[in-house]
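Asks: Just so you know, we're using our numbering here: the sequence shown kicks off at -15 and counts up by one.
Questions regarding the structure given below will be posed in turn.
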Amino acid sequence: MQLMGRLLVLLPVLLSCFAAILAVPARAVTKARPLASLQSFTGIWDMPTARILPDWSVRFKYGKAEPYRYYGVALGVFDRLEFHGQFTETSSVIAFPGYGYGYHKDRNAGARLVLLQESSLWPQVAVGAYDPIGTSLFPSRYLVASKMFGNLDLTLGLGQGLLGGESLDNIARQRQGETFDTTFLLSSPFRQTSLFGGIEYHYSPDLTLSAEYSSLKYEDMFGSPQAARWPVNLGLKYRLGNHVYLQGGFMRGQEWSLGLSGDFPLDPEGLLPWKKEAPYLATEKKRWQAYEADNRQLAALLAREVRNDGFTGVETAVRDHAIWIEFNNSKYLSHAKALGRVARVVDGIAPERITTVYLNLVYLGQVRQCLRASRQELRAFLDGRLDKEAFLTFADLSLYNRRQQQAFFTGEEEIGSYRVPDSLFDYSVDLKVRTFLNNKEGFFKNKIFLRPRASVNPWKNGTFYGELEFTLLNEFDEVLFAPLEPEPTRTDVVLYERESRPRISVLAFDQHASLPFNVLGRFSVGLFESEYAGFGAEVFRLFDDGRFGLGFESEAVWKRDPENNFKLSDTITKTYDSHFLNLYGLLWPDQGIEAGLKIGKFLAGDMGFRLELRRSFKYFTIGAWLTKTDTSDFINPDNRDASEKGVFIRIPFSIFSDRDRRGNIYYTFSTFTRDPGQTVRQPSRLYPMDPYQSVEYTRETLEDMRKN
């Protein structure tokens, strides 16, 4: 009866809205669009729809309808999934009276899965959940269908939890606080259920009118806004340019709402269109020099030309009829594109006596991928006269290069070789922001600093690193956060960050070595980060064209003095050691889905694992991790049963550039700072989470070789 009563309220409202908007002439809109709700998820206002963001598109969202303010992000995956997360600020609740925190703020997340995609006959159908675990202050789950009729997008759904009209007090939880509690998510499907629905009328490609019937009982929600005068929310959404949307609405018959969102495809060619790179053209003088050169002279000429074109770590060797070249891809996002560019340089200069080319991509001093091809077939593929499948029938693209190395360097022919010395010294200066989240004295407490970074390369694959931090703004001295253990691993972070004097954060040496059986090794020593100094070592090997990997890693470190750059702590003298088995798998190469598993002993001596899942696609990477260890030896209850969780994104620098370029911005967002499951930063790591290093990915994108 309750459901029918709500339906009777819904129908006249929807019909009146339909009648009003149908009377206005509209411009044709043929495809449903995934417009943002007032929150970060795709929806109408408070109610979800069955629409989702397109694959590998991201949304940034701000919305406000008192007492709630939303700051969120959403991501579309595979045209089947949408993940969304946000901070919800509640202006009717002061979180910590007497402190500087201000209004209550809650982190929440959810997901939506499309079960049935829309067709001419069937609606799009999806299931979803919102804030189902953790604090669960706004828990809901739902089944929803959406269907386009001309310019009208009609939505009807069934909700449970808050969307089912339940009171927050009646939604059972086993535990309170920031815990991994799935009580509501896995509860009976036959709990209280309510109907919700709405319409969106796309008057034009830029303007949409929206109305919904809300199943929420606002007076029973966290923050307790007053009861709705009427259960309808309505308003409009307007697109500014290609990606930005403005929203304005009237909620619950009593409150105005505002929203601003930006929907962007994740594409490496981002804010600025890339300038077309000039094709490589060898001069007549260079070609004549190559024609007259012996093997040693030709090796030197080619190596210098590849180095001048923007690549590093260049080494060449030349036989009478073949060229061997090794290089680091320091120029492009795509390794296939780098192979193509170097191939163009070689083909443009080398005399016709050279009939076979070996192109070797080097990573941390080890040849990771090798492409062997006849010059004739390589030229035909680059010019588009030979397709990828036919080219790979004749060419050999392989992980590591033992076979090719034996084929090239075995024999009695004289081999001329040359290595271009790289720059001995390199430096950069970055502006960095370090954030402490969710402290009583403020939700965001920031430390802003300049970080000059320098490196010196005295010999092959050996590097000295140095980093300084010059503080510009420091709010960490306001943070109230005491260490949770007598010998903490991370909860003493404020002791190190509250200082504003210049700090040497890194002063370390890093050596890589290619070991027998294609194993790559690393040894590191020095000041690794602001808190720790010591030693680190690692070995790693890839298998099956880079789809799987296995490695071992170990560190032994000591606490640094918070005030003295060159002194170890006198207070905590413990040796922190960690030992791991590292496993890697490229699970779905076509989509860049990969997983990593770190098993062993973490810094505090706690045994456990860290599982990482991520997707790397179009040179963006988005992923999540979970660290779970044995916490029985910890004293503080906040450390007991604590599991570190987080998400991260890696963004290519190229989205801010007018050209293809390597380099990334890396940002992580994790749960509260705790001592279990911790590791120490190293100058570099071999344990990879990067499908672009695999032969599988290079083979898939081999046509990028022609983009030169």
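Ideal placement from N, C-alpha and C gives every residue a C-beta, glycine not left out.
In chain order, what residues of the same chain lie with their CB nearer than 7 Å to the CB of leucine 136, ignoring the 5 residues before and after it?
Replies: Ile183, Tyr185
Asks: When the Cβ atoms of the region 117 to 125 are set against those of the region 165 to 173, are three or more pairs found closer than 8 Å?
Replies: yes
Asks: Suppose the cutoff is 6 Å on Cβ atoms and the five residues either side in sequence are ignored; what does the same chain contact list for leucine 457 look like?
Replies: Ile432
Asks: So tyrosine 54 is in the beta strand (DSSP E); what residue range does that whole segment cover?
Replies: 52 to 61
Asks: Please work out which residues of its chain come closer than 7 Å, Cβ to Cβ, to lysine 424, disregarding the five sequence neighbours upstream and downstream, and give them in chain order.
Replies: Phe80, Tyr83, Tyr85, Leu464
Asks: How would you call threonine 605, buried or exposed, if buried means at least 16 neighbouring beta carbons within 10 angstroms?
Replies: buried
Asks: Please list the segments of the beta strand (DSSP E) lying wholly inside the region 326 to 367, counting only runs of 3 or more residues, in order along the chain.
Replies: 340 to 347, 350 to 358
Asks: Assuming leucine 19 and threonine 192 are in contact, meaning their beta carbons sit under 8 Å apart, how far apart are those beta carbons, in whole angstroms?
Replies: 6 Å
Asks: Are the CB atoms of phenylalanine 524 and phenylalanine 507 nearer to each other than 9 Å?
Replies: no
Asks: In the structure shown, what three-state DSSP assignment does threonine 769 receive?
Replies: There is simply no residue 769 to check, as the chain begins at -15 and stops at 692 in what is shown.
Asks: Would you mind working out which of Ala129, Gly134, Leu179, Ile307 sits nearest leucine 147, comparing C-alpha positions?
Replies: Among Ala129, Gly134, Leu179, Ile307, the Cα nearest to that of leucine 147 belongs to Leu179.
Asks: What's the C-alpha gap between cysteine 354 and leucine 581?
Replies: 28 Å
Asks: Please report the residue range of the beta strand (DSSP E) in which arginine 599 lies.
Replies: Run containing arginine 599: 591 to 601, per the beta strand (DSSP E) assignment.
Asks: Specify the secondary structure class of arginine 418 as computed by DSSP and reduced to three states.
Replies: strand
Asks: Which same chain residues, not among the five before or five after serine 76, have their C-beta less than 6 Å away from its C-beta?
Replies: Pro51, Gly207
Asks: Between the beta-carbon of valine 346 and the beta-carbon of phenylalanine 392, is there less than 9 Å?
Replies: no
Asks: Just mark lysine 260 as buried or exposed, buried being the case when its beta carbon has 16 or more other beta carbons within 10 Å.
Replies: exposed
Asks: Would valine 523 count as contacting chain B if we go by Cβ distances under 9 Å?
Replies: Of the protein chains in the structure, only one exists, and it is not chain B.
Asks: If we require 3 or more residues per run, which beta strand (DSSP E) segments fall completely within the region 85 to 162?
Replies: Segments of the beta strand (DSSP E) lying fully in the region 85 to 162: 87 to 100, 108 to 114, 124 to 133, 136 to 145.
Asks: What separation, rounded to the nearest whole angstrom, lies between the Cα atoms of phenylalanine 564 and phenylalanine 586?
Replies: 8 Å
Asks: In angstroms with no decimal places, state the Cα-to-Cα distance between glycine 161 and asparagine 620.
Replies: Residue placement at glycine 161 is poorly supported in this model, since its pLDDT is 49, which falls under 50; the coordinates still yield a value, given next. Distance between the alpha carbons of glycine 161 and asparagine 620 is about 16 Å.
Asks: Can you look up phenylalanine 206 in the DSSP assignment and give me helix, strand or coil?
Replies: coil
Asks: Under the DSSP definition of a beta bridge, which residues are partnered with glycine 533?
Replies: Leu526, Tyr568
Asks: List the residues that DSSP assigns as beta-bridge partners of alanine 517.
Replies: Leu511, Trp542
Asks: Got a sec, what are the start and stop residues for the alpha helix (DSSP H) glutamine 390 sits in?
Replies: 386 to 393
Asks: From which residue to which residue does the alpha helix (DSSP H) around phenylalanine 378 run?
Replies: 372 to 378
Asks: Excluding the five sequence neighbours on either side, which residues of its own chain have a C-beta within less than 8 Å of the C-beta of leucine -2, listed in chain order?
Replies: Its pLDDT being 46, under 50, leucine -2 is placed unreliably by the model, and nothing is read from it.
Asks: Does the separation of the CB atoms of glutamate 453 and arginine 435 fall below 9 Å?
Replies: yes
Asks: Which ranges does the alpha helix (DSSP H) cover as unbroken runs of at least 4 residues, wholly within the region 405 to 464, from first to last along the chain?
Replies: none
Asks: Could you work out which residue in Ser654, Arg303, Asp331 is closest to glycine 395 when comparing CA atoms only?
Replies: By alpha-carbon distance to glycine 395, the top candidate from Ser654, Arg303, Asp331 is Arg303.
Asks: Methionine 235 to lysine 131, Cα distance in whole Å?
Replies: 24 Å
Asks: Just confirm the distance between the C-beta atoms of serine 638 and proline 252, as a whole number of angstroms; I'd bet it's less than 8 Å.
Replies: 5 Å
Asks: Can you check which of these residues, Gly94, Ser24, Arg325, Tyr402, is closest to aspartate 688 by C-alpha distance?
Replies: That would be Arg325, whose Cα lies nearest to the Cα of aspartate 688.
Asks: What is the DSSP secondary structure of serine 198, reduced to helix, strand or coil?
Replies: coil
Asks: Kindly indicate the opening and closing residues of the alpha helix (DSSP H) around alanine 211.
Replies: Taken as a continuous stretch (DSSP letters only), alanine 211 belongs to no alpha helix (DSSP H), as it is neither H nor E.
Asks: Using the Cα positions of phenylalanine 427 and alanine 49, report the straight-line distance between them to the nearest angstrom.
Replies: 20 Å
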